[in-house]
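Trainee: Read in my numbering, the sequence shown has 1238 at position 140, and its numbers run on one by one without any break.
We put the beta carbon where it would ideally sit given N, CA and C, even for glycine.
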Amino acid sequence: MTSTKTPVSVIGLGRLGAALAEAFLANGHPTTVWNRSPGKTEDLAAKGATVAGSLTKAIEASPLVLTVLAHHGAVRELLDPVVGSLSGRTLLNISSSTPEDIRKLATWAQGHGADYLDGAVMAVPQAIGSADAQVLYSGSTAAFDSYGEQLGVLGAARYVGEDPGVAELYSYALLSAGYGTLFGFLHGTAMLDSAGVRPTEFLALAVPWLNGMVAFLSEIARETETGDYSTGESSLDINLFALENIVAASRTAGVDPAFHLPTVDAVRKRIAAGNGDESASSVFEVMRTRG
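(1) Which residues does DSSP list as the beta-bridge partners of Tyr-1214?
(2) Going by DSSP in three states, Ala-1255 sits in which element: helix, strand or coil?
(3) Of the residues Tyr-1245, Ser-1236, Thr-1279, which one's Cα is nearest the Cα of Val-1312?
(4) Between Ser-1165 and Ile-1192, how many whole angstroms is the CB-CB distance? I'm expecting something under 8 Å.
(5) Going by alpha carbons, who is nearest to Leu-1142 out of Ala-1159, Asp-1335, Phe-1122, Ile-1157?
(6) Could I get the ranges of all uninterrupted alpha helix (DSSP H) runs contained in the stretch 1259 to 1342, with 4 residues as the minimum, in chain order?
(7) Among Pro-1128, Gly-1211, Gly-1217, which one has its Cα closest to the Cα of His-1170?
(8) Can you tell me the Cβ-Cβ gap for Leu-1111 and Lys-1138, rounded? I've got them flagged as a contact below 8 Å.
(9) List the residues that DSSP assigns as beta-bridge partners of Ser-1195.
(10) Jot down the residue ranges of each uninterrupted alpha helix (DSSP H) in the stretch 1105 to 1151, minimum 4 residues, whole runs only, in chain order.
(11) What first and last residue would you give for the alpha helix (DSSP H) that runs through Ser-1244?
(12) Pick from Ala-1288, Leu-1267, Leu-1203: whose alpha carbon is nearest that of Val-1173?
(13) Do Val-1353 and Ala-1271 have their CB atoms nearer than 7 Å?
(14) Out of Ile-1109, Ser-1160, Leu-1114, His-1285, point me to the one whose CA is closest to Pro-1136's CA.
(15) What does the alpha-carbon distance come out to for the pair Arg-1134 and Leu-1359?
(16) For Ser-1377, list the residues DSSP reports as bridge partners.
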């Protein structure tokens, strides 16, 4: 029986690349794999993958070619000598880089006759193929229209726009929000540690507090999107007072306050411009300044 599943080629078999290839195999996709170190292909071959004898053969085996390498430069370096074989195919890059570098990679691929999609995986490798995995895609609309539904085997597939760099930008924005929460929690934990409070004791209060902050994000989004900071309940002046007290308390406790100092500087800058009575979210106008 002929498979109706799109054949795919996965180039680069680190933990993430191997997990992606396994998800395709588990869902019936004819899957070809290639890696500089042949030993990494053995487990996948045992699960039904075809091991390509060369990089060119790996590319030519499938209309959809995934590169799962360290960064965009590694993709260019690897594919440059065989770039002619990309013509007429879709290159799906899962390698992380800056959005601008990804745009350059897309232009390079398109200049050699390939459609280009970029994928930002918002999951650890062991979650690939599960309900917990999400992959953001940007680039060629036609390519996503062709393959988006089948890419759902990797995790929830969401197309975020034609700009090839925007999926990666989304991923960094999500990580920024997550890191702010993670490292903010660790900073608070360090402050309380100076008074002998266990992290698990802090957790009991932190979780409901942070859930309340998350619920407030819709209002933050509305204010920043409209540029109307006049109706917020918490002004910059009030928040600067709190931030400066956090910094002072940190120093007294022997805790490095560096995590909060950039925010303090941004708030002070906005207040110095005469906006102290605005909502705290108006610090967005300082953050968005493009120098």
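Mentor: Reading it off the structure:
(1) Answer is Leu-1189.
(2) Three-state result, Ala-1255: strand.
(3) Val-1312 has its Cα closest to that of Thr-1279, out of Tyr-1245, Ser-1236, Thr-1279.
(4) It is Thr, not Ser, that sits at residue 1165 in the sequence shown. About 7 Å; that satisfies the 8 Å criterion.
(5) From the listed residues Ala-1159, Asp-1335, Phe-1122, Ile-1157, the smallest Cα separation to Leu-1142 is found for Phe-1122.
(6) Whole alpha helix (DSSP H) segments, 4+ residues: 1264 to 1291, 1297 to 1313, 1315 to 1324.
(7) His-1170 has its Cα closest to that of Gly-1217, out of Pro-1128, Gly-1211, Gly-1217.
(8) Confirmed, about 4 Å.
(9) Assignment of beta-bridge partners to Ser-1195 by DSSP yields no partner.
(10) The stretch 1105 to 1151 contains these whole alpha helix (DSSP H) runs: 1113 to 1124, 1140 to 1144.
(11) Note, Ser-1244: alpha helix (DSSP H), 1239 to 1249.
(12) It is Leu-1203.
(13) Going by C-beta atoms, Val-1353 is not nearer than 7 Å to Ala-1271.
(14) Selected option, being the one with the closest Cα: Ile-1109.
(15) If you take the alpha carbons of Arg-1134 and Leu-1359, they lie about 45 Å apart.
(16) Beta-bridge pairing links Ser-1377 to Ser-1333.
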